[in-house]
C-alpha cells in the first residue's frame with residue numbers, strides 16, 4: 048500500500064532528533080557573540096622621545112664615533128665634521144683681536160718718549176726757520192721802501208715768512224696733542240673694537256666646538272643619515288637619538304570616548320608581535336580633534352574625528368621595544 052505524497056512530504060520536512068542539539072548550540076553561540084559589545088581597541092604606534100641633532104655648518108662628515116643602535120651617555124661624542132674652514136676663520140679673528148688690543152694699549156699708554164723727542168726737534172727746527180724767514184722779510188721790507196728791490200722779491204720774502212709761521216703753528220699743535228694724550232673718545236672707540244673682536248672670536252669658538260656632535264642626553268642612536276665624506280646641508284639632521292626611560296603608545300581616541308579619558312588614567316597596550324600586554328598610563332590627550340589616521344579607517348569609524356593621545360608604557364621589558372611597532376590600546380574599564 049502506497050503512502051500519500053502529502054504525508055511523505057510532511058515527514059521529510061520534520062527535523063530529526065540528531066539535528067536539534069546542533070541547531071541549539073549554534074543559536075547559543077550567536078547569542079553570546081551578540082552580547083559581546085566591548086568597545087574596540089584604539090590603534091596606534093609605539094614611539095620613543097626623539098632628539099634631532101642638526102648641522103649648524105655645511106661641512107663634510109669626517110668620521111662616526113658610534114653606530115646606529117648604540118647606546119650613548121650624555122656628552123658622548125657621536126660624530127665630527129671637517130673643521131679646517133672654521134679653523135682658518137678662527138685664526139683670522141684671533142689676529143684681529145690681537146691688533147685691536149695693541150691699538151688700545153698704544154692709546155692708553157700714551158706717546159713713547161722717542162716720538163716726543165722727534166716731535167720736539169721738528170718744532171725747534173721749524174721755529175729756527177721761521178726766525179730766519181722773519182729776518183729776511185724785515186730786510187726785504189727796508190729794501191722795498193728804498194725801492195732797491197723788485198716787488199716780486201719782496202712778495203717772495205713775505206710768502207716764505209708766512210709759510211714758516213704756519214709750519215711752526217702746525218708742529219706746535221701736534222706736539223701739544225702728543226704731550227696731552229689721546230682723546231677719551233678715541234680710547235673708548237678702541238676699547239669697543241676690542242670687545243667686538245673678542246665676541247666674534249667667542250662665537251667662532253662655539254661654532255668650532257659644535258662641529259663635534261655630542262649627545263645632549265643618554266639614549267640610543269636611531270639614525271645616522273650621512274656617512275663620512277658626505278656634506279650635509281645647513282640644518283640637516285646629522286643624528287637622531289631615542290631618549291627617555293620607556294617608549295609610549297601614540298594612539299587615537301574616537302570622539303565618543305574622549306570624555307571618559309583624562310591624563311593619568313591607566314590603559315593596557317597590546318604591541319604587535321608581543322604576547323604579553325603592557326600596563327601604561329595616559330600622559331597627554333589632545334583637546335583639538337583630527338581626522339582618523341589611514342591605518343584606523345574601517346567601516347563607520349572612517350568618517351569620525353579622533354583625538355591624539357599618548358600613554359607611557361611601564362616595566363623593564365618595555366624599554367627594549369623598538370619604535371614604530373603597531374599597537375592597540377584598551378581602557379582598563381573596557382577589559
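Residue numbers (the working numbering): 48 to 382. We put the CB at the ideal spot given by N, CA and C, even for glycine.
Buried or exposed for residue i, going by 16 or more other Cβ atoms inside 10 Å?
i           : result
residue 93  : buried
residue 187 : buried
residue 108 : buried
residue 208 : buried
residue 216 : exposed
residue 269 : buried
residue 368 : buried
residue 376 : buried
residue 294 : buried
residue 79  : Summary for residue 79: the model assigns pLDDT 38, below 50, so the residue's position carries little reliability, and this model does not support an answer.
residue 90  : buried
residue 239 : exposed
residue 175 : exposed
residue 220 : exposed
residue 379 : exposed
residue 46  : Given that the chain is displayed from residue 48 to residue 382, the structure contains no residue 46 and the question cannot be resolved.
residue 56  : Note on residue 56: pLDDT 41, under 50, position unreliable in the model; the coordinate value appears next. Residue 56 should be labelled exposed.
Just to check my reading of the structure: residue i and residue j have Cβ atoms closer than 8 Å, yes? What is that Cβ distance to the nearest angstrom?
i           : j           : result
residue 327 : residue 305 : So it is not a contact: roughly 18 Å between Cβ atoms.
residue 120 : residue 265 : 5 Å
residue 310 : residue 330 : 6 Å
residue 166 : residue 222 : 5 Å
residue 214 : residue 173 : 5 Å
residue 96  : residue 362 : Not really, about 17 Å apart at Cβ, beyond 8 Å.
residue 122 : residue 261 : 5 Å
residue 307 : residue 332 : Between residue 332 and residue 307 the Cβ distance is about 11 Å, and since that is not below 8 Å, they are no contact.
residue 150 : residue 246 : Incorrect: roughly 17 Å between the Cβ atoms, too far for contact.
residue 198 : residue 184 : With a Cβ gap of about 14 Å, residue 198 and residue 184 do not count as contacting.
Name, in chain order, the residues that DSSP records as bridge partners for residue i.
i           : result
residue 331 : 357
residue 196 : Answer is none; residue 196 lacks a bridge partner.
residue 92  : 297 and 373
residue 316 : 325 and 376
residue 111 : 126
residue 290 : 96 and 266
residue 42  : What is shown of the chain runs 48 to 382, which leaves residue 42 out entirely.
residue 101 : 284
residue 260 : 126
Please tell me whether residue i and residue j are closer than 7 Å, where the distance is taken between their beta carbons.
i           : j           : result
residue 254 : residue 124 : no
residue 336 : residue 354 : yes
residue 180 : residue 211 : yes
residue 244 : residue 144 : yes
residue 100 : residue 163 : no
residue 321 : residue 296 : no
residue 248 : residue 102 : no
residue 203 : residue 196 : no
residue 154 : residue 233 : yes
Please list, in chain order, all residues of the same chain as residue i whose beta carbon is under 8 Å from its beta carbon, the five residues on each side excluded.
i           : result
residue 273 : 108, 279, 283 and 285
residue 105 : 278, 279, 280 and 281
residue 323 : 364
residue 218 : 166, 169, 170 and 173
residue 82  : Since pLDDT at residue 82 reaches only 44, below the 50 mark, its modelled position is unreliable, and no value is offered.
residue 115 : 268, 269, 270 and 271
Once the 5 residues before and after residue i are set aside, which same chain residues still bring their CB inside 6 Å of it?
i           : result
residue 352 : 302 and 336
residue 267 : 118 and 289
residue 147 : 240, 241 and 244
residue 319 : 372 and 373
residue 366 : 293
Please work out which residues of its chain come closer than 7 Å, Cβ to Cβ, to residue i, disregarding the five sequence neighbours upstream and downstream, and give them in chain order.
i           : result
residue 371 : 92 and 93
residue 111 : 126, 271 and 275
residue 251 : 133, 136, 137 and 140
residue 287 : 97, 99, 269 and 270
residue 259 : 124 and 127
residue 200 : 187
Give a yes or no on whether 7 Å exceeds the smallest Cβ distance from residue i to chain C.
i           : result
residue 374 : Absent from the structure is chain C; it holds one protein chain and no more.
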